[in-house]
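Contents: one structure, followed by commentary.
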Amino acid sequence: MKSFLFFLGLLIGSGAFFRLSAQSRPIDQYNIAWNSPSDNSAGSMPCGGGDIGLNVWVEKGDLLFYLSRSGTFDENNAFLKLGRVRIRLTPNPLNAEDNHFRQELVLRDGSVLISGQRNGVSVWIRVWVDVHRPVIHVELNSDRPLGAEAVYESWRTADRPLSGKANNADSYKWAAKQAPGGQVITRRDSIRFLEKGVLFYHRNRPGPTVFDVTVHQQGLDSVKSQLHDPLHDLTFGGWLLGDGMSPAGTTKGRYLDTDFSGWKLVSDHGSRHRHIDLYLATAQTKEIAQWMTGLEQTRTEAQANEKTAWAATRTWWEAFWDRSFIYIGEPAGPQPGKAGKAAQSPGWQAGRNYQLFRYMLGCNAYGQYPTKFNGGLFTYDPSLTDTSLRYTPDFRNWGGGTMTAQNQRLVYFPMLRSGDFEMMKPQFDFYIRSLRTAELRSEVYWGHKGACFTEQIENFGLPNTAEYGWDMPADHDKGVEYNAWLEYEWDTVLEFCGMMLETQRYADRDIHDYLPFIESCLRFFDEHYQYLARLRGRRSLDGDGKLILYPGSAGETYKMAYDASSTIAGLHTILTRLLELPAGYLTETEKEQWHAMLDRLPSLSFRSFDGHPTISPARTWERVNNRESMQLYPVFPWGLYGIGKPGLDTAINTWKYDTDVVKFRSYIGWKQDNIFAARLGLTEEASTLTIEKLKDGGQRFPAFWGPGFDWTPDHNWGGSGMIGLQEMLMQTDGKTIRLFPAWPKDKDVHFKLYAPYHTTVEAVLKDGKVESLKVEPEERRKDVISAY
């Protein structure tokens, strides 16, 4: 019996148990397996669920993981980690030699399995996160009793002043002297032993936070009580407990660039089976006792559901993988952890990394806040990304609570095609919470209606304080950022309006709660640009009765633009989608109002290169600041041009001949040229750019791309890769579904994606022929047009 249990443990630890105990599934081919420990946290593996993300790795015999949870923002709006956990066994089989070590991400259930064998002692460990409640589980099993030590490690044991680029992680950035007292300080956490565990939490201090500083800077003190403040009295943390473990004092150390202190739990006796759990809680509460009550409730619920939690989590992940997928190459693929010809194929690699990144997005399915474009829940020690940035593990470039809209959209657009509509809610809720704040900006600054959202927006709905401009002249319009890149860039919010409308079209979601938001965003453009025209002269419209969209901005690139094509296309598509909503959403009066605005939109502008007509980024502009091909936004995301639509030749000319478009072209980071190429039916270009974008990143875990223009892992890099791959396989226009519109005929693929009107399409292309096609509901098959 003893030898059988030993063998079973090794099977489970190696992942072979899953291949023996459950039928093999296609997703299993994409498990990531390592046969040696990692050098440092850059060699970590993502693990998570619900709204929690862990970076898991084994280093020098210790199992370590960082803890992140959605919404853990400090007084400065830095997105703080919840600490690091270190687990050490005695004797220690994780000091494995001769390939007796294995670490595997098991995608089918979202867990990380670790096994090791040394000197005749074997162990297997499963790390997983409960999808339905904020609990982290570490399960240890061995063939003989082992001692265990679990250490909660924190670098926030004293107030830590920040200087220089360290403030890129918070909302002060380069304007740190504007913080209270002229110094940005990351405040210490509270950490102590409680009962037989370690209690740890960060509570935002009373007094001015960056929210208060920003409100005052931007002249909104008179309406401050009406603004959403997510930082006041925010408390977040957790409780580390282990079976048969007790407190054993504190320790100190240094990991890479950061000193830390540790609170140690040690086993009372050796055991072959042990659980170590972390219970987490986040809340805005007046008293710490209220937060503690919530934490205790989490523990009580977790213990009550101890026998069913793992099964429920596995069921959630299995449904997640069944919902949507893209498998490129042979369905069987290579066995996890084994190299082979299929594993080296760029196409197979792109398909695997698509799935790995979707898994990372799935780890924040239920977050209070959206998945951040600049690392999500999976950042690690910054000097491993940039050796000059020797800061704490809390660091990420471009801020913690700042949601840059042009980047965030790329994280959430692919969820439409993958059918992950529920996962889009955190991003939508972020905007809904900020609606009143955006409306107050219009009322206070200009005296008109409509929600004015900016590009780099804080989690409380106002422009980032540094980007807004501390050196703004006294006579400058306080509603406009004093920023050469961001001034007059209002239209990025329209892409989130579009996603909200699409969830109704795709899944028949009830979007009544989103309608006031969408209408308020549209109202801003109608009222604001008529307001600006009246400031300049007697008339609010031009001679043709059209809105004068000046001054505007085509992204961060074409500045002081007149009639930016990206803005016109966005307004046109959102108004059209709004008017297409089913009966019951709009009254006849409201329809007339929005039809009238649609009629007031100016036309797109065009220009010629060597006799080739192309879409112009705007009618005119004053300067070029960035490297975005905004003239192709009418192709994506707005869909005015594309396969089977009028003007496709003009859009293709824009891709081929516009000198800026050619110069700006790239696959790195947020660049979306792969998406443009797919939408235009340019198969070779789309394939090359998408495969480049989805090839293995520079770290041990293949989907840790970056830093690109942002940070590592770069989530807008992964999101734009996902979108491009989806658009190569399937595009929709109204009720028309086009299969393989930009897909190479010689690449075998099996996919399941979502289309509008409650439709799923599953197809297999093999040897250049459609081997099978399943459309649900079946009546939608008549709307399918296949390129092969």
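Its first residue numbered 5, the sequence shown is counted upward by one per residue in my numbering.
Positions of the beta carbon are idealized from the N, C-alpha and C atoms, including for glycine.
Predicted, not measured: the structure shown is a model, and the values here were computed from it.
Burial check for K756: the Cβ neighbour count within 10 Å reaches 16 or more, so the residue is buried.
In the displayed model, P149 falls within a strand according to three-state DSSP.
Between R669 and D662, the beta carbon gap of about 10 Å keeps them out of contact (Cβ cut-off 8 Å).
With respect to A470, E426 sits apart: the two C-beta atoms are not nearer than 9 Å.
Within the stretch 673-724, the runs of alpha helix (DSSP H) at least 4 residues long that lie entirely inside it are, in chain order, 677-683, 687-698. For V768, same chain residues with a beta-carbon under 6 Å away, outside a window of 5 residues either side, are H754, E775, S776 in chain order. Excluding its 5 nearest sequence neighbours in each direction, K770 has C-beta neighbours in its own chain below 7 Å: D752, listed in chain order. DSSP places K595 within a helical segment (H, G or I) once states are collapsed to three.
Within the stretch 414-452, the runs of alpha helix (DSSP H) at least 4 residues long that lie entirely inside it are, in chain order, 418-421, 429-437, 439-450. In this structure the stretch 468-488 touches the stretch 221-234; the number of beta carbon pairs closer than 8 Å is three or more.
Each of Y758, W747, G738 was checked against the Cα of D787, and the nearest Cα belongs to G738. DSSP places Q107 outside any alpha helix (DSSP H); the residue lies instead in the beta strand (DSSP E), whose first and last residues are 105-110. For N357, the secondary structure class from DSSP, reduced to helix, strand or coil, is helix. Here DSSP, grouped into helix, strand and coil, assigns I56 to strand. Of the residues assessed, H599 falls on the exposed side of the cut-off, its CB having fewer than 16 other CB atoms within 10 angstroms.
For W38, the enclosing beta strand (DSSP E) begins and ends at 36-38. For R130, the uninterrupted beta strand (DSSP E) segment begins and ends at 125-133. When DSSP states are grouped into helix, strand and coil, P467 belongs to the strand group. Residue state for K739 is assigned as coil, using DSSP reduced to three classes. Between P138 and L284, the C-beta gap is smaller than 9 Å, which places the two residues in contact.
A contact between stretches requires three or more CB pairs, one per stretch, nearer than 8 Å, and the stretch 567-581 meets this requirement with the stretch 624-640. Only residues of its own chain outside the window of five on either side were considered, and among them L393, Y395, F399 have a CB closer than 7 Å to the CB of P386, listed in chain order.
V665 and T658 do touch by the CB rule: their CB atoms are close to 6 Å apart, below 8 Å. For E560, no alpha helix (DSSP H) segment is defined, and its DSSP state is neither H nor E.
C456 has no beta-bridge partner at all, per DSSP. Only residues of its own chain outside the window of five on either side were considered, and among them D567, S569, S620, A622, R623 have a CB closer than 7 Å to the CB of S609, listed in chain order. Judged by DSSP secondary structure, Q372 falls outside any alpha helix (DSSP H); it is assigned neither H nor E. Excluding residues up to 5 positions away in sequence, N401 lie with their Cβ nearer than 6 Å to the Cβ of N172 in the same chain. A759 and L590 have their C-alpha atoms roughly 24 Å apart. Take the alpha-carbon of S119 and the one of Q107: they are about 7 Å apart. DSSP lists no bridge partner for I578. If you draw a straight line from the Cα of T687 to the Cα of M732, it comes to about 8 Å. If you look at K667, you'll find it in the alpha helix (DSSP H) that goes 663-668. Note: W61 is bridge-paired with L68 in the DSSP secondary-structure output.
The bridge partners DSSP lists for V765 are L757, V779.
Look at T391 here: in three-state DSSP terms it is coil, with no helix or strand label.
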